[in-house]
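Residues in the sequence shown are numbered consecutively from 1, following full-length UniProt numbering.
Glycine included, every Cβ here is placed at the ideal spot set by N, Cα and C.
As structure tokens, the structure follows; a few thoughts come after it.
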Amino acid sequence: MSALTDSRATHIESPDDVPQVEALFLIKFDKKVGYTIAWKRTAADISLDNAVEFKSLPSGLHSVQSDLVYFTHEGYAGLSAFAKGNASAEDRNANFVAVGILVRKEGKYGRLGRAWLLVGKLEKMAAALADDTDTVTPLEEFWHEQTLNRSSKGESSDNGNAKGHSRARAISTVSAVMKDEESLPEYHPALSILCYLDMFGPLVFRLQQAALLRKRILFVGVPPVRAACEFVYNLSVLSSISPRDTENLTPGIEELLRLPSLFSVGVHDIPFLEDLRNPKHGGHTPGAAQSEGWAACTTDEIIVTKTQLYDIIVELPPIHDAPAQERRWPRIRTSDGSLIKASQRDVARYKLLHKELFKQRSKAQASPEPYTDEEHDDAAPLLSRDEVDTKRADDEFNEAYDDTVVEPITWSRLAYMGYMWWASAGERDAYTTGELETDRELIGDLAEYSQSVETAIIAYFHRQSSLLIRTLSQIVEADRQGERDDDDDGDALIIDRDDLSRMGLDTWSEADRAFVQELSSLYFGRTVEVKGSEVDCCGLRVPIF
């Protein structure tokens, strides 16, 4: 197995590894004063008032029956289960309650502190308290259980590492080898990765690039917010950099290994987001201002109007589980309103990924009967399952295709393709085939992955990031050894069309050229100049990038 495909540095938390709850609280809606903390307990000096009640109940949550909300508070990971119960007309015919917890994050870069392992209990308590607002017995019993657990474990958990979790584990909470028969446990946010891919289509690669550049990325949509919170988690996990790739990076950029996750934010978090605008580090070293990057989600439109708070806005469509023909891909824009589009190569490699995932689903629903091209045509040739799956995957992709968020084929690319067809179709095919083989090798065979398909997808995106870093590192090292051409005007690193192609990027995309320039500056402290070439086609100079 090649180095590209042998990447399974993914860890799944054990269901037995339930976190210790540091705070438990009940949020209710009071028609006179709004959302209030009706009951609370804390194991440490944690301030909850005028904070968790707003974090636990994002704007618009009253429009849904139940929901899960992930958030952060004072360095803790937060999770609340929302439920709506029946009430009298005096109480507007509904009770709104949320049962929330705070847990310690795992290590310096923890995301959720495994809070999702307690989702089931929180949902049951929220549903019970929404129907009976006069009791707090379930909360008292749960907190008593937590108190007993804390006493039995002693205070060794204060260091956040009671079970001997190493820093390597903190680097990725979905990152170590599992047993072959294991899969992601119930409620794990990574279980939404397939939905995430279906939602964004080829735009997942542009999101991946923004995350690798550690931009401030804000998902905006309407309730329920659980999916958006899980998308934040997915983006952070998929864009994490493997510890083994750090040896190829410039020292001192450890904080770049992971994109921080803020999860759900609202109007009351605006001062906090404003504070994050100010870099904590100065100077011109690689990754100097990395501390301001994050991923979050919101239902508050007012935050969207404050463009200084974020770099990238991701507009989630209200219907993400509709049939393909009724869906549209999200709109991803920069803070100045510019639409971010997928490259032509993004589309091609997403189609490869989509086909592999379609085959994986088809394998799980395999029928012993052979396929035919037409169900009632006895003369029709028998088709292999792979051929039928490929056709159906293409049809499904084409139904959801949205060319408004895909970069058009440039004139220079059309001219070059025409020239190569005229000059040497074989050479044209060789170049295209080389890129296709690289993209296929990165994906591997998801249908035969021994672990869950979600961990296979995570490994796939980690391989992509590793390919980028290793290729760029090799170019930087070759330049240091004097094996590459230097820029006559300074210390710029020269990158050409072949280099971009080896990185898995689109050689014709201006956005990909800008990406590799920023990536090189952030991780290697090097200025990059991307140079192309030209071919003479019937007296016309055609630029090649």
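Under the three-state DSSP convention, the category residue i falls into
i: His-62; result: helix
i: Trp-294; result: strand
i: Leu-218; result: strand
i: Leu-339; result: strand
i: Ser-242; result: coil
i: Thr-133; result: coil
i: Leu-184; result: coil
i: Thr-527; result: coil
i: Asn-50; result: coil
i: Gly-113; result: coil
i: Asp-67; result: strand
i: Arg-226; result: helix
i: Pro-19; result: coil
i: Glu-374; result: The predicted position of Glu-374 is uncertain, since its pLDDT is 48 and thus under 50; no value can be drawn from it.
i: Asp-502; result: Before going further, note that residue 502 is Arg rather than Asp in the sequence given. In the structure shown, Arg-502 sits in a helix (DSSP, three-state: H, G or I).
i: Lys-306; result: coil
i: Arg-497; result: helix
i: Thr-72; result: strand
i: Ser-520; result: helix
i: Asp-403; result: helix
i: Ser-264; result: strand
i: Ala-211; result: helix
i: Ser-492; result: Reading the sequence as shown, one finds Ala at residue 492 and not Ser. Note: Ala-492 maps to coil in three-state DSSP.
Same chain, Cβ closer than 6 Å to residue i, five either side skipped, listed in chain order
i: Leu-249; result: Tyr-523
i: Val-265; result: Ala-296 and Thr-298
i: Gly-85; result: Asn-95, Ala-130 and Asp-131
i: Gly-282; result: Interpretation of Gly-282 is limited by its pLDDT of 43, a score under 50 that renders its predicted location unreliable; no figure is taken from the coordinates.
i: Leu-212; result: Ser-239
i: Thr-133; result: Asn-95
i: Thr-507; result: Arg-497, Leu-500, Ser-501 and Phe-545
Nearest neighbour of residue i, chosen from the options [CA to CA]
i: Arg-463; options: Glu-529, Gln-208, Trp-39 and Ile-332; result: Gln-208
i: Ile-494; options: Ile-475, Ser-509, Gly-504 and Asp-512; result: Ile-475
i: Gly-113; options: Pro-19, Phe-358, Ile-46 and Lys-363; result: Pro-19
i: Thr-36; options: Asp-45, Ser-66, Gly-100 and Asp-17; result: Gly-100
i: Arg-111; options: Gly-120, Lys-124, Ala-83 and Pro-189; result: Pro-189
i: Ile-27; options: Gln-65, Ser-80 and Ser-59; result: Ser-80
i: Arg-244; options: Arg-470, Glu-145 and Gln-481; result: Arg-470
i: Ser-261; options: Leu-276, Leu-472 and Ser-236; result: Ser-236
i: Arg-388; options: Pro-408, Thr-404, Asn-398 and Lys-355; result: Correcting the residue identity first, residue 388 is Val in this sequence and not Arg. Val-388 has its Cα closest to that of Lys-355, out of Pro-408, Thr-404, Asn-398 and Lys-355.
i: Ser-343; options: Ile-409, Ile-302 and Ile-332; result: Ile-409
i: Ala-511; options: Glu-437, Gly-434, Val-406 and Val-314; result: Val-406
i: Phe-397; options: Leu-197, Thr-133, Asp-17 and Ala-127; result: Leu-197
i: Gly-525; options: Asp-275, Glu-477 and Val-97; result: Glu-477
i: Ser-521; options: Ser-362, Arg-497 and Ile-253; result: Ile-253
i: Arg-333; options: Leu-316, Leu-357, Ala-456 and Gly-504; result: Leu-316
i: Glu-230; options: Trp-116, Ser-240 and Lys-341; result: Trp-116
i: Leu-259; options: Pro-251, Trp-294 and Ile-270; result: Trp-294
i: residue 552; options: Ile-340, Gln-360 and Lys-531; result: This structure cannot settle anything about residue 552, because the visible part of the chain is limited to 1 through 545.
i: Leu-139; options: His-268, Thr-433, Lys-363 and Thr-42; result: Thr-42
i: Glu-123; options: Thr-133, Phe-82, Ala-228 and Ala-227; result: Phe-82
i: Leu-309; options: Arg-331, Ile-270 and Asp-346; result: Ile-270
i: Asp-403; options: Leu-472, Glu-186 and Asp-346; result: Asp-346
i: Leu-467; options: Asp-336, Ser-242, Ala-514 and Thr-307; result: Ser-242
i: Gly-78; options: Arg-206, Glu-186, Leu-48 and Val-64; result: Leu-48
i: Thr-307; options: Arg-513, Leu-61 and Gly-337; result: Gly-337
Residues sharing a beta bridge with residue i, DSSP
i: Gly-100; result: Phe-25 and Ser-80
i: Ile-332; result: Val-314
i: Ser-509; result: Note: Ser-509 sits in no beta bridge, so no partner.
i: Ala-94; result: Asn-86
i: Trp-39; result: Leu-26
i: Gly-34; result: Asp-30
Beta-carbon contacts of residue i that lie in its chain and below 7 Å, excluding the five residues immediately before and after
i: Leu-238; result: Gln-208, Ile-458 and Phe-461
i: His-73; result: Ala-51, Val-52, Lys-55 and Leu-102
i: Gly-201; result: Trp-329, Tyr-350 and Ala-400
i: Phe-142; result: Leu-24, Lys-121 and Met-125
i: Glu-292; result: Arg-216, Leu-276, Arg-277 and Pro-279
i: Ser-509; result: Ser-343 and Glu-407
i: Ala-128; result: Pro-138
i: Val-232; result: Phe-219, Ser-261, Phe-263, Ala-295, Ala-296 and Cys-297
Integer-rounded CB distance, given that residue j should sit under 8 Å from residue i
i: Asn-234; j: Ile-193; result: 5 Å
i: Val-225; j: Val-69; result: 6 Å
i: Ile-312; j: Lys-391; result: Between Lys-391 and Ile-312 the Cβ distance is about 35 Å, and since that is not below 8 Å, they are no contact.
i: Val-453; j: Leu-442; result: Wrong, their Cβ atoms sit about 16 Å apart, outside the cutoff.
i: Ala-492; j: Thr-438; result: At roughly 26 Å, the Cβ-Cβ gap does not stay under 8 Å, so Ala-492 and Thr-438 are not in contact.
Residues of its chain near residue i, where Cβ-Cβ distance is below 8 Å and the 5 sequence neighbours each way are ignored
i: Tyr-76; result: Glu-22, Ala-23, Ile-46, Leu-102, Val-103, Arg-104, Lys-105 and Gly-113
i: Met-58; result: Position check: residue 58 holds Pro in this sequence, whereas Met was assumed. Around Pro-58: Val-69, Pro-223, Val-225, Ser-264, Gly-266, Thr-298, Thr-299 and Asp-300.
i: Lys-531; result: Ile-494, Ile-495 and Asp-496
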